[in-house]
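Heads up: the sequence shown is residues 25 to 594, going by the numbering used here.
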Amino acid sequence: MKAPQEISKLLEELDDRIADELEEQDLDFKQWDSKSMDKAVKLVVNMAVCMANSGGGTVVFGVADKIIGRKKAIPGVPPEIDINLLKKAVYDQTDPKLMPVFETLHVPEGTGRLLLMQIHPGLPPYTDTAGKGSIRIGKDCQPLTGTLRRKIAVETGESDFTAETVAPAESKLLSPVALETLRNLARAERAPSELLLQNDLELLASIGLIRNNRLTRAAILLAGTEAALREYVPGHNFTFLSMKSDTQYENREDRVSTIPVSVSRIEELVVPYNPITTLERGLFHFEYRTWPEVALREALMNAFCHADFRIAGPVMVKLYTNRLEISNNGCFIGGITSGNILHHQPAARNPLLVEALTRLRLVNRSNLGVSRMYAALLMEGKEPPIIQEIGDSVSLTFMKREISGAFRLFVAEESQKGRELGVDSLLILQHLLKHPEIETVAAAVLCQRKDTQMRETLMEMEKASYLEHGGAGRGAYWTLQPELHKRLIEAGQPERDRRIDWEAAKARILSILMERARRGQMGLQNKEIRQILHFDRNQATRLMKQLREEHVQVDSEGHGAGARYKWSGS
Numbered sequence: 025m026k027a028p029q030e031i032s033k034l035l036e037e038l039d040d041r042i043a044d045e046l047e048e049q050d051l052d053f054k055q056w057d058s059k060s061m062d063k064a065v066k067l068v069v070n071m072a073v074c075m076a077n078s079g080g081g082t083v084v085f086g087v088a089d090k091i092i093g094r095k096k097a098i099p100g101v102p103p104e105i106d107i108n109l110l111k112k113a114v115y116d117q118t119d120p121k122l123m124p125v126f127e128t129l130h131v132p133e134g135t136g137r138l139l140l141m142q143i144h145p146g147l148p149p150y151t152d153t154a155g156k157g158s159i160r161i162g163k164d165c166q167p168l169t170g171t172l173r174r175k176i177a178v179e180t181g182e183s184d185f186t187a188e189t190v191a192p193a194e195s196k197l198l199s200p201v202a203l204e205t206l207r208n209l210a211r212a213e214r215a216p217s218e219l220l221l222q223n224d225l226e227l228l229a230s231i232g233l234i235r236n237n238r239l240t241r242a243a244i245l246l247a248g249t250e251a252a253l254r255e256y257v258p259g260h261n262f263t264f265l266s267m268k269s270d271t272q273y274e275n276r277e278d279r280v281s282t283i284p285v286s287v288s289r290i291e292e293l294v295v296p297y298n299p300i301t302t303l304e305r306g307l308f309h310f311e312y313r314t315w316p317e318v319a320l321r322e323a324l325m326n327a328f329c330h331a332d333f334r335i336a337g338p339v340m341v342k343l344y345t346n347r348l349e350i351s352n353n354g355c356f357i358g359g360i361t362s363g364n365i366l367h368h369q370p371a372a373r374n375p376l377l378v379e380a381l382t383r384l385r386l387v388n389r390s391n392l393g394v395s396r397m398y399a400a401l402l403m404e405g406k407e408p409p410i411i412q413e414i415g416d417s418v419s420l421t422f423m424k425r426e427i428s429g430a431f432r433l434f435v436a437e438e439s440q441k442g443r444e445l446g447v448d449s450l451l452i453l454q455h456l457l458k459h460p461e462i463e464t465v466a467a468a469v470l471c472q473r474k475d476t477q478m479r480e481t482l483m484e485m486e487k488a489s490y491l492e493h494g495g496a497g498r499g500a501y502w503t504l505q506p507e508l509h510k511r512l513i514e515a516g517q518p519e520r521d522r523r524i525d526w527e528a529a530k531a532r533i534l535s536i537l538m539e540r541a542r543r544g545q546m547g548l549q550n551k552e553i554r555q556i557l558h559f560d561r562n563q564a565t566r567l568m569k570q571l572r573e574e575h576v577q578v579d580s581e582g583h584g585a586g587a588r589y590k591w592s593g594s
């Protein structure tokens, strides 16, 4: 949820952006319907239900979300609207009952008043009293269909397929090979020895997989025989394909085995395509694989732990000449998206299974697995994984890249100095080795952070002499410190073409416009300004807006792509 101070800060951006661009999973802007009180109240109720079903959030009433220009975009909420009546309407018209908190935010525009509706997280699903409901997916409220209701049941832990008991706790249903593999993996991760020394049934009971003297599906997934897996978890298996092209493969293996055995076997299948190479740089000797072992292990454990075992279909591993793809049935849950997965609160589709593996230290329920994948690849100068939702499945792709010796050495030396580079810093450094600069907003999107958090990180990186910045205010941008850029640049990578400083850019464009006017030539189009300054379209537009505000002689003629800026002074 957003505090009034945060909303006030966001409203400052409405002169350059529409409110819709400022919206997030937990933030929405809505215009108040001043013509119909019934429609306005209905909107309040609907938004309360939508936000409650998606984990809570803030709705700002009184802001049009498609208009640029703060004055026009904030008509406000009429002063006679009674907050207590809105609270009562939401309470009376929702099931289960919702009790939102309303706050007033005073603004100089429109009626001078905005209403903030704060919806705290609860236990969904919620509907109105007619049984209709919606849930926020990204920036939109979508109908609460049967599929989404089931998804909510999974997210709230009411429906954990792996926690259901399926058979008597008997040793004949357990695989000695699976249990030995499970113990070996856990021992390598330094799981508590008192757990690993227990007999098979005691071990499973200690990690919560035996209930009322019966095996859960999670127990079968970690330690069951192939016959038990086929009977009690028929949707569980894996397929490994070594691809010759996008449509043909040369090697294939299909297998029904427990999760520990499956992960170990897939790692074995990948080894011939992922050999160890030694890189010597001074006192440092780096042994690396194309796909770091830690990243591969985390990716496989995630695929099996978050698979939807109700859906028949394998965890699919496809090895191409230029990439490795790992996918599993089951879409993102708990508000996780490909755009926030790096820092989002963890959400488990199979809580009991994840809890058991956590106690064995084979997974981490603090959402560190994704960060570890990112870090393992980025510190070697490679691209982070590509994680995306495709229909009802999640796909993870590792691109095949060679190690950057210069960058790996830099990370090692910084570590020796006590400077451990986090994922955010690694992402920014890798981006700036391929691009001349980055703005704070773009950096925030790249690192999946808030703008304010990102600004702090960028400033810390500047203090550490990794970055330097140019421009000021919203025109600020960041580049690699020149000496560091020279040190890290690899053969074949282009030299940077740095953008002109913001104030210098204005002076340069002003000078060109004046000179063209003196010669009787046409002014400049937006695309010509971008070429001169190495700006993008929005940056060029913002710069010209400032020039027109500062110099009345700067004018524009024409419309659309053909419009030109000119100097009309004497």
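Ideal Cβ positions, reconstructed from N, Cα and C, are used throughout, including at glycine.
- Sequence-distant partners of Ser199 (beyond 5 residues in either direction) whose C-beta falls short of 7 angstroms from its own C-beta, in its chain, are Ala247, Gly248, Thr249, Thr282.
- Secondary structure at Phe356: coil, using DSSP grouped into helix, strand and coil.
- If only uninterrupted alpha helix (DSSP H) runs of at least 4 residues are considered, those enclosed by the region 193-238 are 200-212, 217-220, 224-230.
- A check of alpha carbon separations from Leu433 across Ser183, Cys471, His309 identifies His309 as the nearest.
- Under the three-state reduction of DSSP, Ser158 is assigned to strand.
- The beta carbon of Asp560 is closer than 8 angstroms to those of Arg554 in its chain, skipping five residues each way along the sequence.
- DSSP, reduced to helix, strand and coil, places Glu349 within a strand of the structure shown.
- The region 374-392 and the region 402-410 do not touch, with fewer than three beta-carbon pairs separated by less than 8 angstroms.
- Put simply, the backbone Cα of Phe262 is about 12 angstroms away from that of Glu291.
- Contiguous alpha helix (DSSP H) elements confined to the region 521-578 occur at 526-543, 550-557, 561-574, taking only those with 4 or more residues.
- At a Cβ-Cβ threshold of 8 angstroms, Gly81 and Leu38 do not count as neighbours.
- Shown here, Lys342 sits in a strand according to DSSP, grouped into three states.
- In summary, Asn550 is buried, with 16 or more beta-carbon neighbours lying within 10 Å of its beta-carbon over all protein chains present.
- Pairing Leu140 with Leu129 gives a Cβ-Cβ distance under 8 angstroms.
- DSSP, reduced to helix, strand and coil, places Val101 outside both helices and strands of the structure shown, so it counts as coil.
- In the DSSP assignment, the residues bridged to Tyr312 are Thr301.
- For Arg383, the enclosing alpha helix (DSSP H) begins and ends at 375-383.
- The three-state reading of DSSP puts Pro167 in strand, counting E and B together.
- The region 144-163 makes no contact with the region 211-230: fewer than 3 CB pairs, one atom from each, lie closer than 8 angstroms.
- When the Cα atoms are used, Ile536 and Tyr589 turn out to be separated by approximately 11 angstroms.
- Ser428 and Leu324 have their C-alpha atoms spaced approximately 25 angstroms apart.
- Taking a contact to require three or more Cβ pairs closer than 8 angstroms, the region 200-213 and the region 350-370 do not qualify as touching.
- Shown here for Thr271: not one same chain residue has a beta carbon closer than 7 angstroms to its own, the five before and five after excluded.
- In the structure shown, Leu122 adopts coil according to DSSP, grouped into three states.
- Setting aside the 5 residues that flank it on each side, Glu407 is surrounded in the same chain by Leu401, Met423, Arg425, each with a C-beta closer than 7 angstroms to its C-beta; the list follows chain order.
- Taking Ala210 as the centre and dropping the five residues before and after it, the same chain places the C-beta of Leu219, Leu220, Leu384, Arg385, Leu386 closer than 8 angstroms to its C-beta, in chain order.
- Per DSSP, the continuous beta strand (DSSP E) segment holding Gln412 begins and ends at 410-414.
- Bridge pairing for Gln142: Thr82, Val125 [DSSP].
- Inclusion of Tyr273 and Val190 in the CB contact set at 8 angstroms is not warranted, their separation being larger than that value.
- Closest by C-alpha distance to Phe264, out of Tyr344, Glu317, Leu470, is Tyr344.
- Counting along the chain, no alpha helix (DSSP H) covers Tyr273; the unbroken beta strand (DSSP E) around it starts and ends at 273-279.
- Note on geometry: alpha-carbon atoms of Gln55 and Arg289 lie some 56 angstroms from one another.
- No Cβ-Cβ contact shorter than 8 angstroms links Ala97 with Ile105.
- Cβ-Cβ distances below 7 angstroms link Gly157 to Val73, Asn77, Pro149, Tyr150, Thr151, Leu168 in the same chain, with the five nearest sequence neighbours on each side left out; the list follows chain order.
- One thing to note: Asp525 has its Cβ no nearer than 8 angstroms to the Cβ of Gly544.
- Straight-line measurement puts the Cα of Val280 at about 44 angstroms from the Cα of Glu47.
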